[in-house]
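Below: the structure, in structure tokens.
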Amino acid sequence: MKAQTVNDTALHLSLEGFEGPLDLLLDLARAQKVDIAKISILALVDQYLSVIEGARRVRLELAADWLVMAAWLAWLKSRLLLPEDPQQEEDAEALAGQLAERLAELERMRAAVQWLSRQPQLGHEVFERGRPESFTVTDRSGLATELPPLLRGYVDALRRAAAKRPYRPKQRKLWTVQDALERLARLIGGLPDWGDLRQFMPEQVLDPVERRAALASTLVAGLEMAKGGGVELRQEAAFGPILLRQKTGKESRHAAA
Amino acid sequence: MQPPEPQDTQDDIRVETAPRPGEAPVEHALRLAEALIFAADRPVPLERLQQFLPAGLRAEAVLTLLKARYAGRGVELAEVGGGYAFRTAPDLAPVLTKVVDAPRRLPRAAMEALAIVAYHQPVTRTEIEEIRGASLSQATLEALLEHGLIAPRGRKEVPGRPVLWGTTPRFLDQFGLRALTDLPRREELLAGESTPGLVQAA
Amino acid sequence: MQPPEPQDTQDDIRVETAPRPGEAPVEHALRLAEALIFAADRPVPLERLQQFLPAGLRAEAVLTLLKARYAGRGVELAEVGGGYAFRTAPDLAPVLTKVVDAPRRLPRAAMEALAIVAYHQPVTRTEIEEIRGASLSQATLEALLEHGLIAPRGRKEVPGRPVLWGTTPRFLDQFGLRALTDLPRREELLAGESTPGLVQAA
Chain A
1 MKAQTVNDTA LHLSLEGFEG PLDLLLDLAR AQKVDIAKIS ILALVDQYLS
51 VIEGARRVRL ELAADWLVMA AWLAWLKSRL LLPEDPQQEE DAEALAGQLA
101 ERLAELERMR AAVQWLSRQP QLGHEVFERG RPESFTVTDR SGLATELPPL
151 LRGYVDALRR AAAKRPYRPK QRKLWTVQDA LERLARLIGG LPDWGDLRQF
201 MPEQVLDPVE RRAALASTLV AGLEMAKGGG VELRQEAAFG PILLRQKTGK
251 ESRHAAA
Chain B
258 MQPPEPQDTQ DDIRVETAPR PGEAPVEHAL RLAEALIFAA DRPVPLERLQ
308 QFLPAGLRAE AVLTLLKARY AGRGVELAEV GGGYAFRTAP DLAPVLTKVV
358 DAPRRLPRAA MEALAIVAYH QPVTRTEIEE IRGASLSQAT LEALLEHGLI
408 APRGRKEVPG RPVLWGTTPR FLDQFGLRAL TDLPRREELL AGESTPGLVQ
458 AA
Chain C
460 MQPPEPQDTQ DDIRVETAPR PGEAPVEHAL RLAEALIFAA DRPVPLERLQ
510 QFLPAGLRAE AVLTLLKARY AGRGVELAEV GGGYAFRTAP DLAPVLTKVV
560 DAPRRLPRAA MEALAIVAYH QPVTRTEIEE IRGASLSQAT LEALLEHGLI
610 APRGRKEVPG RPVLWGTTPR FLDQFGLRAL TDLPRREELL AGESTPGLVQ
660 AA
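Chains as they are written, first to last, in our numbering: chain A, 1 to 257; chain B, 258 to 459; chain C, 460 to 661.
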């Protein structure tokens with residue numbers, strides 16, 4: 001690709017194939033001397049500039065980095081040749097030294113590539129085992145358990161079950177008139193005298209609503225029995241206790257409402 | 258890393274390498290067979306090896322020698338699935354086997370059923386279903402049994418005499434409990450909840 | 460059944476097997492090392508082998524013996540980045556490349572970038588470009604990454620915090636190096652290089 005003959009008099013050098021100014025400079029330097037450390041920067045500058053000039057004659061547009069390098073090298077050359085004072089000459093020499101060192105480092109890296117390329121490379125000169133064996137066994141028999149998920153599961157289950165059940169109001173067990181009649185008939189015989197109607201209510205009923213219902217049923221049952229003449233009822237005052245006793249013979253026959 | 262063997266395109270190409278200076282042809286063939294079988298990503302058929310051997314050498318003979326050379330070693334030459342491959346000596350494989358524990362988790366249904374058994378034991382399957390408000394699959398029950406987390410605790414004296422289930426010592430062990438009383442009480446779990454159904458369910 | 464333990468169960472456990480009847484302990488260790496390294500899909504570190512050996516046996520000694528046993532064979536024991544691995548003998552490559560598809564070789568720009576990373580690591584992309592005097596294409600960088608030859612090594616604490624690149628153990632393995640110190644020293648790369656004093660002949 002690099003069709004070039006580096007010659008001080010006639011340079012037929014194409015920029016094609018060079019990866020940038022440094023690449024070209026290195027190629028020019030290599031042609032100069034075997035030892036990159038001993039190259040002549042001035043000669044190198046001249047060669048570079050003439051290559052660039054030649055290239056510009058063929059092709060007007062050149063990538064900026066080629067021209068930047070050319071301008072910098074021209075400036076460096078002028079400083080090296082015609083220093084205005086000794087301090088400037090020193091600076092120019094330092095810059096030239098840096099350029100030489102950059103070229104030397106690029107050359108070293110190229111040598112490293114050569115060295116690496118000579119190494120037997122895996123997949124090219126040497127091969128690894130094509131079918132490695134795996135001795136890793138995954139044991140999935142164990143059980144990962146923690147308490148929180150267990151408890152959460154329980155609460156979730158209960159909650160979900162609760163959500164599924166339709167809401168039913170608590171069923172009231174109401175003391176019917178029939179219940180009260182039976183209870184009154186059974187208890188009244190054992191009562192010697194007036195007794196409070198509330199005495200005849202079932203003891204096990206504690207709910208206030210159910211108690212009121214039982215009281216009403218017992219009153220209705222009492223009235224019912226009074227109508228048949230079995231008992232008599234009396235109430236001394238409005239909202240006072242309602243009293244009740246078994247009717248005996250022809251005695252008083254007033255009943256409270 | 259290696260792309261598939263370009264088998265078909267090269268079956269008819271003979272490539273030979275020369276023995277190194279001072280190397281007997283048989284020794285060279287042995288080395289070649291060894292490297293070829295080592296580097297191949299699948300068992301190497303006899304014919305494939307034969308392709309690379311000089312005309313006078315039979316692949317069978319080379320492989321018999323190679324097999325003998327590896328006999329009793331940590332790696333052995335084995336004939337498998339239509340070809341030859343190196344294989345770790347059977348007595349060493351268990352030593353080299355590395356076991357990586359990857360414990361499973363119980364599925365949600367199993368976890369819920371287990372929790373209900375823990376809190377309501379002894380309990381029948383039907384009772385578990387009533388409490389969960391969902392049916393309990395046989396597989397779920399069997400998973401709990403298989404892991405030794407629940408066990409039968411007699412039968413309930415009702416028609417059909419269903420099995421009663423309870424948790425096992427292994428259950429306590431698995432969940433890091435010393436006793437069932439280490440479990441939080443139901444009221445603690447449901448603190449602040451007054452869903453009427455919950456009271457009934459309990 | 461074991462309680463959950465999501466870790467490798469053997470990394471810190473010494474596993475030993477008894478030699479087979481009539482087998483010397485060293486012979487047994489050799490077989491083990493052979494099997495372990497043969498089976499592995501990457502170089503086996505010394506410490507990994509040591510885990511499998513009885514207390515009295517040093518892995519280095521076993522490997523030296525094993526290396527001697529495989530010397531000159533079709534498959535050889537190589538010390539590469541990260542440990543020990545079996546590799547085919549380089550002289551057999553012409554045959555093996557017919558059987559095993561070789562990955563494409565790295566282009567020049569990628570090799571240069573790789574060499575620069577190897578010698579200047581940790582190094583930023585810009586620094587690589589400065590040394591090469593040319594820009595580094597994204598494709599080149601990605602090719603190196605894809606081959607697992609380079610890896611990020613933190614960021615440089617300068618504006619923009621560019622990624623720093625370094626080589627991987629795979630790089631060493633790829634080029635048959637035990638360590639980066641196996642590379643020629645920078646000063647040795649240029650034959651006859653003396654102290655870089657510039658001779659400035661006009």
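Glycine included, C-beta positions come from ideal geometry on N, C-alpha and C.
Your pair L440 (chain B) and A375 (chain B) checks out as a contact, with CB atoms roughly 6 Å apart and the cut at 8 Å.
Taking 8 Å as the cut-off, the beta carbon of Q235 (chain A) is found no closer than this to the beta carbon of I188 (chain A). At a cut-off of 8 Å between beta carbons, V137 (chain A) contacts chain B.
For chain B, the residues of the segment 144–155 of chain A that bring a beta carbon within less than 9 Å of one of its beta carbons are A144, T145, E146, L147, P149, L150, L151, R152, G153, Y154 and V155, in chain order.
Taking 8 Å as the threshold, the shortest C-beta distance from S117 (chain A) to chain C falls below it.
Going by DSSP, K355 (chain B) is part of the beta strand (DSSP E) stretching over K355 to D358. Taken through DSSP and simplified to helix, strand or coil, R365 (chain B) comes out as helix. C-alpha of V521 (chain C) to C-alpha of P549 (chain C): approximately 24 Å in a straight line. Burial state of D85 (chain A) is exposed, judged by a 10 Å Cβ sphere holding fewer than 16 other Cβ atoms.
The shortest C-alpha to C-alpha distance from I41 (chain A) to any of A:V155, A:K227, A:A29 and A:R56 is the one to A:A29.
For the segment 410–428 of chain B, no residue has a beta-carbon sitting nearer than 8 Å to a beta-carbon of chain C. In the three-state scheme derived from DSSP, where H, G and I count as helix and E and B as strand, I575 (chain C) is classed as helix. Contact between the segment 333–350 of chain B and the segment 293–302 of chain B is established, with three or more Cβ pairs separated by less than 8 Å. One Cα belongs to R59 (chain A), the other to I590 (chain C), and the distance between them is close to 28 Å.
Counting along the chain, V231 (chain A) sits inside no alpha helix (DSSP H); it lies in the beta strand (DSSP E) bounded by residues V231 to Q235. Taking a Cβ-Cβ cut-off of 7 Å, the neighbours of R365 (chain B) in chain A comprise G153, given in sequence order. Linking R315 (chain B) to H124 (chain A) through their CA atoms gives a straight-line distance of about 28 Å. Looking from the CA of P364 (chain B), the closest CA among A:V220, A:G153 and A:L24 belongs to A:G153. Taking CB atoms only, R129 (chain A) has a neighbour in chain B less than 8 Å away.
Distance from the Cα of L406 (chain B) is smallest, within the candidate group B:E386, B:L434, B:E384 and B:R418, for B:L434. Using beta-carbon distances, G142 (chain A) counts as an interface residue toward chain B, with a partner under 8 Å.
Not a single unbroken stretch of the beta strand (DSSP E) spanning 3 or more residues falls wholly within the segment 66–95 of chain A.
With respect to the 8 Å criterion, L353 (chain B) and T345 (chain B) are classified as neighbours on the basis of their beta carbons.
For the pair E16 (chain A) and T583 (chain C), the Cα-to-Cα distance works out to about 28 Å.
DSSP places L287 (chain B) in the uninterrupted alpha helix (DSSP H) bounded by P282 to A296. Here V113 (chain A) is actually not in contact with A638 (chain C); their C-beta atoms are around 19 Å apart, not less than 8 Å.
Uninterrupted alpha helix (DSSP H) stretches at least 4 residues long and entirely within the segment 412–456 of chain B occur at 426–431 and 443–446, given in chain order. Residue pairing by DSSP puts P409 (chain B) in a beta bridge opposite B:W422. Rounded to the nearest angstrom, the Cβ distance from Q580 (chain C) to T626 (chain C) is 6 Å, consistent with a contact under 8 Å.
Under a criterion of Cβ atoms nearer than 7 Å, the residues of chain C adjacent to R330 (chain B) are, in order, R490 and E493. Counting C-beta pairs with one atom in each stretch, the segment 50–59 of chain A and the segment 617–626 of chain C have fewer than three that are closer than 8 Å, which means they do not touch. Assignment of beta-bridge partners to L244 (chain A) by DSSP yields A:G195 and A:L233.
Here the segment 144–160 of chain A makes no contact with the segment 176–186 of chain A; the two share fewer than three CB pairs at distances below 8 Å.
Chain C has a Cβ within less than 8 Å of the Cβ of E133 (chain A). Contacts between Q509 (chain C) and chain A, judged by CB atoms closer than 8 Å, are missing: the closest CB pair is about 17 Å apart. Taking C-alpha positions only, R140 (chain A) is separated from V356 (chain B) by approximately 10 Å.
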